[in-house]
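**Student:**
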Amino acid sequence: MTFTRRDTLVMGLGATVAAMLPLRATASTEDAIAAFTGGASVGTGGITLTAPEIAENGNTVPISVSAPGATAIMVLAAGNPNPDVGTFNFGPLAGSHEASTRIRLAGTQDVIAVAKLADGSFVQTSAEIKVTIGGCGG
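Residue numbers (the working numbering): 8 to 145.
1. So which of PRO90, ALA122 and ALA39 has the shortest CA-CA distance to GLN116?
2. Exposed or buried, what is VAL17 when buried is set at 16 or more other beta-carbons lying within 10 Å of its beta-carbon?
3. Could you check if ARG31 is buried or exposed, using at least 16 other CB atoms within 10 Å of its CB as the buried criterion?
4. Which residues in the same chain have their Cβ closer than 7 Å to the Cβ of LYS123, if we skip the five residues on either side of it in sequence?
5. Leaving out five residues before and five after GLY52 in sequence, what residues of the same chain have Cβ atoms less than 7 Å from its Cβ?
6. Please name the residue or residues paired with ASN96 in a DSSP beta bridge.
7. Taking C-alpha atoms, which residue in GLU105, LEU100, THR9 and VAL68 lies nearest to LYS137?
8. Let me know the secondary structure DSSP gives THR132 once reduced to three states.
9. On the DSSP letters alone, give me the boundaries of the beta strand (DSSP E) that THR44 sits inside.
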C-alpha cells in the first residue's frame, strides 16, 4: 500500500489530535472540588480521613472517611491520572455518615476528602500516602 503526501499529513494531524484528547478530558483536583462545592469556600475540621501512612501496594489502599452530619463526601486522589475516586451520598435516615473502601493509587500522593454538611457548608481534609508499588501503571 502506498501513501500520498496528503494521506501522510492527514494521519499525522489525526494522531496529534488523538494524543491531545486525554489531556483535555482529565480534570484537576481543584476543578473537581469547585464543581462539588459550587465555588463555595471550603473550611477545615469536622471530617476525618483514615488511611495508612505507607501503602506497600498501590492497587488496594484502604481508606475510611467520616463526617458527622454530612450529606455527601467526595474523595479524590490528586496524583492519579483520573483524580475522582468516588462520591458518597447520605440520606436523612443514614445511621452513620462514613464510608470505607479500597482505592488504587498511582504513587505517593495526597488523598483529599471534601464533605458537604447538612447546613450547606463544606469541609476538607487530606492525607499523604506513600506508595512503594504503584497501582495505576506506576
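Even glycine gets a Cβ: it sits at the ideal position worked out from N, Cα and C. The structure displayed is predicted, hence computed values, not measured ones.
**Tutor:** Let me spell this out:
1. Your numbering for residue 116 matches position 109 in the sequence shown. Minimum Cα distance to GLN116 is reached at PRO90.
2. As a working mapping, residue 17 is identified with position 10 in the sequence shown. So VAL17 counts as exposed.
3. Here the question's residue 31 lines up with position 24 in the sequence shown. With a pLDDT of only 45 at ARG31, under the threshold of 50, the placement of this residue in the model should not be trusted; the figure read from the coordinates follows. Residue environment for ARG31: exposed (fewer than 16 other C-beta atoms within 10 angstroms of its C-beta).
4. Indexing the sequence shown from 1 puts residue 123 at position 116. Only ALA77, THR78, ALA79 and PHE129 meet the Cβ criterion.
5. Residue numbering aside, residue 52 sits at position 45 when the sequence shown is read from its first letter. Taken in chain order, the residues that qualify are VAL130.
6. Looking up residue 96 in the sequence shown gives position 89. BP columns for ASN96 point to ALA79.
7. The count along the sequence shown starts at 1 and reaches residue 137 at position 130. Per the Cα distances, VAL68.
8. Residue mapping note: residue 132 aligns to position 125 of the sequence shown, counting from 1. Of the three classes helix, strand and coil, the one that applies to THR132 here is strand, per DSSP.
9. In the sequence shown, residue 44 corresponds to position 37, counting from 1. Per DSSP, THR44 belongs to no beta strand (DSSP E); it is in the alpha helix (DSSP H), 36-44.
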